[in-house]
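>
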Amino acid sequence: MEELSKRYNPGDIEDKWYQHWIDSGHFHSTPDDREPFTIVIPPPNVTGQLHMGHILNNTIQDTLIRRARQEGKNACWVPGTDHASIATEAKVVNMLREKGIKKSDLTREEFLAYAWEWTDKYGGIILHQLKKLGASCDWERTAFTMDEIRSEAVIGIFVDLYRKGKLYRGKRMVNWDPTAQTVLSNEEVLYEEEKTMLYKVRYKISGTADEWITIATTRPETILGDTAIAVHPEDPRYAHLQGKKAIVPLINREIPIIADAYVDIAFGTGALKVTPAHDINDYEIGLRHQLEVIDVLNPNGSMSEAAHLFVGLDRDVARKAMFEALTEAGFVTGTEELIHNVGRSERTRVVVEPRLSLQWFVDMKAIADPALRAVMENEIEFYPENLKNTYRYWMENIRDWCISRQLWWGHQIPAWYLVAEPSSNLNANTENQVFVGLTAEEALHEAKRITGREDLALSDLRQDEDVLDTWFSSWLWPISVFDGWKDQKEIDYYYPTNVLVTGWDIIFLWVARMIMAGYEWRGEKPFQSVYFTGMVRDKQRRKMSKQLGNSPDALALIDQFGADGVRYGIMASAPAGGDILFDEKLCELGRNFCNKVWNALRLIKSWEVDPSLSHDDGRALAIRWMNSRLAAVDSELRRHFQQFRLSEGVTTLYSFVWDDFCSVFLEVIKPAYGDASDQKSYDATLLLFEEICKLLHPFMPFITEEIWHQLKSRTRGEDCMISLITPVSGDVEKKVLDGFEHILTVKSSVLELRNQYQLSPKESMVLIFPSEPELIQLWNTPGAESVLHKLANATCAEGLGTGVSFLAGRYQYYAVLTIEVDKEAELKRMKEELAYYLGFVNSVEKKLSNEKFVANAHPDVVEKERQKKADGESKIEQLQQSIAQLN
RNA sequence: GGGUGAUUAGCUCAGUUGGUUCAGAGCGCUGCCUUGACAGGGCAGAGGUCAGCAGUUCGAGCCUGCUAUCACUCACCA
Numbered sequence: 000m001e002e003l004s005k006r007y008n009p010g011d012i013e014d015k016w017y018q019h020w021i022d023s024g025h026f027h028s029t030p031d032d033r034e035p036f037t038i039v040i041p042p043p044n045v046t047g048q049l050h051m052g053h054i055l056n057n058t059i060q061d062t063l064i065r066r067a068r069q070e071g072k073n074a075c076w077v078p079g080t081d082h083a084s085i086a087t088e089a090k091v092v093n094m095l096r097e098k099g100i101k102k103s104d105l106t107r108e109e110f111l112a113y114a115w116e117w118t119d120k121y122g123g124i125i126l127h128q129l130k131k132l133g134a135s136c137d138w139e140r141t142a143f144t145m146d147e148i149r150s151e152a153v154i155g156i157f158v159d160l161y162r163k164g165k166l167y168r169g170k171r172m173v174n175w176d177p178t179a180q181t182v183l184s185n186e187e188v189l190y191e192e193e194k195t196m197l198y199k200v201r202y203k204i205s206g207t208a209d210e211w212i213t214i215a216t217t218r219p220e221t222i223l224g225d226t227a228i229a230v231h232p233e234d235p236r237y238a239h240l241q242g243k244k245a246i247v248p249l250i251n252r253e254i255p256i257i258a259d260a261y262v263d264i265a266f267g268t269g270a271l272k273v274t275p276a277h278d279i280n281d282y283e284i285g286l287r288h289q290l291e292v293i294d295v296l297n298p299n300g301s302m303s304e305a306a307h308l309f310v311g312l313d314r315d316v317a318r319k320a321m322f323e324a325l326t327e328a329g330f331v332t333g334t335e336e337l338i339h340n341v342g343r344s345e346r347t348r349v350v351v352e353p354r355l356s357l358q359w360f361v362d363m364k365a366i367a368d369p370a371l372r373a374v375m376e377n378e379i380e381f382y383p384e385n386l387k388n389t390y391r392y393w394m395e396n397i398r399d400w401c402i403s404r405q406l407w408w409g410h411q412i413p414a415w416y417l418v419a420e421p422s423s424n425l426n427a428n429t430e431n432q433v434f435v436g437l438t439a440e441e442a443l444h445e446a447k448r449i450t451g452r453e454d455l456a457l458s459d460l461r462q463d464e465d466v467l468d469t470w471f472s473s474w475l476w477p478i479s480v481f482d483g484w485k486d487q488k489e490i491d492y493y494y495p496t497n498v499l500v501t502g503w504d505i506i507f508l509w510v511a512r513m514i515m516a517g518y519e520w521r522g523e524k525p526f527q528s529v530y531f532t533g534m535v536r537d538k539q540r541r542k543m544s545k546q547l548g549n550s551p552d553a554l555a556l557i558d559q560f561g562a563d564g565v566r567y568g569i570m571a572s573a574p575a576g577g578d579i580l581f582d583e584k585l586c587e588l589g590r591n592f593c594n595k596v597w598n599a600l601r602l603i604k605s606w607e608v609d610p611s612l613s614h615d616d617g618r619a620l621a622i623r624w625m626n627s628r629l630a631a632v633d634s635e636l637r638r639h640f641q642q643f644r645l646s647e648g649v650t651t652l653y654s655f656v657w658d659d660f661c662s663v664f665l666e667v668i669k670p671a672y673g674d675a676s677d678q679k680s681y682d683a684t685l686l687l688f689e690e691i692c693k694l695l696h697p698f699m700p701f702i703t704e705e706i707w708h709q710l711k712s713r714t715r716g717e718d719c720m721i722s723l724i725t726p727v728s729g730d731v732e733k734k735v736l737d738g739f740e741h742i743l744t745v746k747s748s749v750l751e752l753r754n755q756y757q758l759s760p761k762e763s764m765v766l767i768f769p770s771e772p773e774l775i776q777l778w779n780t781p782g783a784e785s786v787l788h789k790l791a792n793a794t795c796a797e798g799l800g801t802g803v804s805f806l807a808g809r810y811q812y813y814a815v816l817t818i819e820v821d822k823e824a825e826l827k828r829m830k831e832e833l834a835y836y837l838g839f840v841n842s843v844e845k846k847l848s849n850e851k852f853v854a855n856a857h858p859d860v861v862e863k864e865r866q867k868k869a870d871g872e873s874k875i876e877q878l879q880q881s882i883a884q885l886n
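Take numbering that gives the first Met the number 0: the last position of the first sequence gets the number 886, and nothing is skipped along the way.
Shown next as structure tokens:
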């Protein structure tokens, strides 16, 4: 027999087993008669790298899918990647810049060629990394949001929504990212409180010599785009100025002073400069008062020609320049610090610019209702449940979704315009006629129908330049991965999926929209449950991020602790919804656990079996106890899985394996040094270890598979991964559990005594227990004493007390010691105990003498209290006896 | 401003219908332990008025209200 190393070396076996599973086809699923269990992966960015969030997320998914597979379900975990439009395009642009190539010098086709090249090179790295973690995805199903099937789906539903009138093109105030130079959806803008300066600037009243109105602004550079000053209609300070005109400083443009209830009298000076082009509220005021819109910014955030001053300067630079110029000219009357919310682009982190432009939107109100209802009525279950509130609020106040992006990497919008019409979406003042179709031909057909011009040809049409928001493809994911618009067999079998595992940070960006898409196109929920994970943070509670450099290298962690160790580490502290503070220590714990299990294997493998040996009572009792414990743990684990309490599940197993199996069971069952094992003990141990492997497998797949095969030789295909977990047949024998529990309590007391008196474990100890029927029965149980002897090197006998007393459970035992007893210490200890029990009984008596308690409480509870009182009193009696004896 | 959640041992957190010793786990700390599975191990120990106040109840870590501190999230105050 080959020697097993003293420590578990994950590196030796992980790749081997992963390859074995793949070769055996265990990951692959096709529809059959079994009940399906389906998970679709939240597709990571195609060029992304594995980070702690992925580890958390995918460990959970893998655990669930492996467990389902072992429960006999047809488990299917569909992997894939997301093209991540804006993020990937940014990476490609950077890469090109390093090569000295500007995006603006490339045609769309040339750029896309580079982007695909990049995708082919880096795409899939992350999937490879998932394999290191042990993810049992059906790799034959790997999907990509921009592959042919998924692209067709995206284009198809765009056209479908358009034809249903649930998607439109319109000119709206949107969020503009000046760095990426694209529009963003509301959900892609993150607001943060930032300290800024509030500048007070005075405008001269037209036609007066020295009359002024002072406004407050954080953005003096936009003064150049002012087209009004607004005051509150009921603000007495400015009543006399309403209807007059003010003069914009430096450029001397005349603008009206208007009254609008939007203005907050208490804020700043109570007078608001109105710049309709650069603020959503100002824009709305502008609409109400028919104000001119002057856009003083270019798409890249620099000042435009329309500003007249500081043209070409970046907005931040222009702000300072403007402030200086205003100060110099005497227009600034003061400044103060202000903390307010600034919106930044989720991707590029730059300050987002409100901007008026022509974009495509989904009419969300038209599709939201079924999705809202499904969650509120628990047709879809959220874990944790409290996210339902967040969801409801967002759904009830849902705003239209801006889905067009001024990027090239993505699905180009299937809308066409006449070539003759202006092409810029950004500043278009006219909304062109639009023709939507799956193909250019379809669009042409549409164009002919709408315009009545039969002479139109393909060359008269040009396609919309923009691409669709990445999430516009992701929201179809649970349908599109099964090619749900074409392949009925697949979608009918796998859909709806069972559980979605994702972070709560994308509840709106992704989860809510998937639910809407599910009902819109399948008339059915996309998943039964959503397991929201928390964010992985570092010990200082900071979110892990590349910029902070506080995210450990995921692959290095796996190298260091083994995949199973890392999986344990992340799972052990990851209750649904709660943020987890990641600490490598946890992986160490997982690694140590692996090592513990590994050494249990080494122990068992070192045994010789001698079939002629008889099976003793102690071992038989330990086996019965262990079987009962297994049955109890099995049902507990079942409950945990049902409620997605995976961290509790893994903790349950940890303590079962470590404390019960290793520390107690194996200690009892193992042959004495130099002896062989009897056949029955050996077989039972093997069986138990197998069961443990099965239960542990979903959490720690590699080591359990290895042990499974080390335990005995298996026929091909008989792998732990596909071993069935059936409810443990044996009953939980309450009496056996309780009795054994008592033996363990006595054991602890003995060890404590040994510790206290510095007695060697080698020295056998004799215990005397009182003549209580329960105890007599217990210690007469075949094997009970033998177990105690093995665990504590003690024997026991019924009788009257002499020696050092100790309490085990509710009974008083005596230990016969061969050495001098420290009377003082014993007395002190017993008196403390006595005082405790006196108080205890006193409180119980109070309770029992309370008529209301006896009348109202459950009879069981009252009975228990009576028992408690009796126990307490007997302890007191015993203690008093012992004390008297010592004196 | 709206909403949500949190507050339990030095640290990170469990505690799943109020009812035995329910006040817990892991880490950290202290002491002891090196031949036989495992020092990545074993045994034992110290430590908490369950944030505070009031209420409901026979009974509250758990239910209710208020207060304090914190975190997160949504929202168009320049």
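Ideal placement from N, C-alpha and C gives every residue a C-beta, glycine not left out. Values in this document were obtained by computation on a predicted structure and should not be read as measured data.
#1: On the premise that Val498 lies in contact with Gln462, defined as a C-beta separation below 8 Å, what is that separation, rounded to the nearest angstrom?
#2: With distances taken between CB atoms, is the gap from Gly617 to Ser763 smaller than 7 Å?
#3: Flag this pair as yes or no: are the beta carbons of Ser532 and Gly564 separated by less than 7 Å?
#4: Considering only C-alpha positions, which residue in the set Arg448, Ala783, Thr207 is nearest to Ala619?
#5: Please report the Cβ distance between Pro298 and Pro177, rounded to the nearest whole angstrom; I am assuming they are in contact, meaning their Cβ atoms lie under 8 Å.
#6: Got a sec? Which residues, its chain only, sit under 6 Å from Ser873 by beta carbon, not counting five neighbours each side?
#7: What is the rounded straight-line gap between the Cα of Lys5 and the Cα of Asn598?
#8: The alpha helix (DSSP H) spanning Ser150 covers which residue range?
#9: How big is the Cα-Cα spacing for Val608 and Asp682?
#10: Consult DSSP for Tyr530 and reduce its assignment to one of helix, strand or coil.
#11: Using alpha carbons as the reference points, say which of Gln69, Phe839, Asp137 lies closest to Glu22.
#12: As an exercise, report each continuous beta strand (DSSP E) stretch of at least 3 residues that is fully enclosed by the segment 797 to 826, in chain order.
#13: I need the DSSP call for Asp682, collapsed to helix, strand or coil.
#14: Does DSSP put Asn426 in a helix, a strand or coil?
#15: Only counting the same chain, and skipping five residues up and downstream in sequence, which positions put a Cβ closer than 7 Å to that of Asn549?
#16: Which value, in whole angstroms, describes the spacing of the CA atoms of Leu556 and Leu743?
#17: Please report the residue range of the beta strand (DSSP E) in which Val292 lies.
#18: Here's a check: name, in chain order, each residue in its chain whose Cβ is nearer than 7 Å to the Cβ of Ala365, leaving out the five neighbours to either side.
#19: Would you give the residue range spanned by the beta strand (DSSP E) that Ala255 belongs to?
#20: Based on the DSSP secondary-structure assignment, which residues constitute the bridge partners of Val510?
#21: Quick check on the burial criterion: 16 or more other C-beta atoms within 10 angstroms. Buried or exposed for Ile338?
#22: Smallest Cα separation from Ile721: which of Arg372, Lys711, Leu694?
#23: Taking C-alpha atoms, which residue in Asp459, Lys669, Ser473, Ile875 lies nearest to Ile603?
#24: Buried or exposed: which applies to Gly561, given that a residue is buried once 16 or more other Cβ atoms fall within 10 Å of its Cβ?
#25: Span of the alpha helix (DSSP H) holding Arg638?
#26: If I follow the unbroken alpha helix (DSSP H) through Trp115, where does it start and stop?
#27: I need the boundaries of the beta strand (DSSP E) containing Gln462, first residue and last residue.
#28: Please confirm if the segment 517 to 525 is in contact with the segment 471 to 479, defined as three or more CB-CB distances below 8 Å between the two stretches.
#29: Taking the alpha-carbon positions, what's the Leu888 to Glu440 distance?
#30: What are the boundary residues of the beta strand (DSSP E) that Leu758 is part of?
#31: According to DSSP, simplified to helix, strand and coil, what is Tyr382?
#32: Out of Gly568, Val158, Glu587, which one is the CA nearest neighbour of Ile579?
#33: Can you tell me whether Ala854 is buried or exposed? The criterion is at least 16 other CB atoms within 10 Å of its CB, across all chains shown.
#34: May I ask you to verify whether the segment 260 to 268 touches the segment 299 to 319, counting CB pairs closer than 8 Å and requiring at least 3?
#35: If distances are taken between C-alpha atoms only, which option among Pro35, Ala215, Lys243, Leu806 comes closest to Thr889?
#36: Identify the continuous alpha helix (DSSP H) that holds His288 and give its terminal residues.
If we stick to the structure as given:
#1: Not quite, the Cβ-Cβ distance comes to about 39 Å (not below 8 Å), so this is no contact.
#2: No, the Cβ-Cβ distance between Gly617 and Ser763 is not below 7 Å.
#3: The question names Ser, but residue 532 is Thr in the sequence shown. Contact flag unset, no.
#4: It is Ala783.
#5: 7 Å
#6: none
#7: 7 Å
#8: 147 to 162
#9: 10 Å
#10: In the structure shown, Tyr530 sits in a strand (DSSP, three-state: E or B).
#11: Residue identity differs from the one stated: residue 22 is Asp in this sequence, not Glu. Comparing Cα-Cα distances from Asp22 to each of Gln69, Phe839, Asp137, the minimum goes to Asp137.
#12: DSSP runs (the beta strand (DSSP E)) wholly in the segment 797 to 826: 803 to 807, 810 to 815.
#13: In the structure shown, Asp682 falls within a helical segment according to DSSP collapsed to helix, strand and coil.
#14: With a pLDDT of only 48 at Asn426, under the threshold of 50, the placement of this residue in the model should not be trusted; the figure read from the coordinates follows. For Asn426, the three-state secondary structure derived from DSSP is coil.
#15: Asp537, Arg541, Met543
#16: 38 Å
#17: Counting along the chain, Val292 falls outside any beta strand (DSSP E), and DSSP gives it neither H nor E.
#18: For Ala365, where only same-chain residues beyond five positions count, the Cβ hits under 7 Å are Lys165.
#19: Checking the sequence, you will find Pro at residue 255 rather than Ala. Start and end: 253 to 258.
#20: According to DSSP, which records beta bridges pairwise, Val510 is partnered with nothing at all.
#21: Burial call: exposed.
#22: Leu694
#23: Lys669
#24: buried
#25: 616 to 641
#26: 107 to 121
#27: Here the beta strand (DSSP E) through Gln462 covers 460 to 462.
#28: yes
#29: No statement about residue 888 is possible, as the shown extent of the chain runs from 0 to 886 and does not include it.
#30: It is not in any beta strand (DSSP E) - Leu758 carries neither H nor E in the DSSP assignment.
#31: strand
#32: Put simply, of Gly568, Val158, Glu587 the residue whose alpha carbon is nearest the alpha carbon of Ile579 is Gly568.
#33: exposed
#34: no
#35: Because the chain in this structure spans residues 0 to 886, residue 889 falls outside the shown range and cannot be described.
#36: 279 to 288
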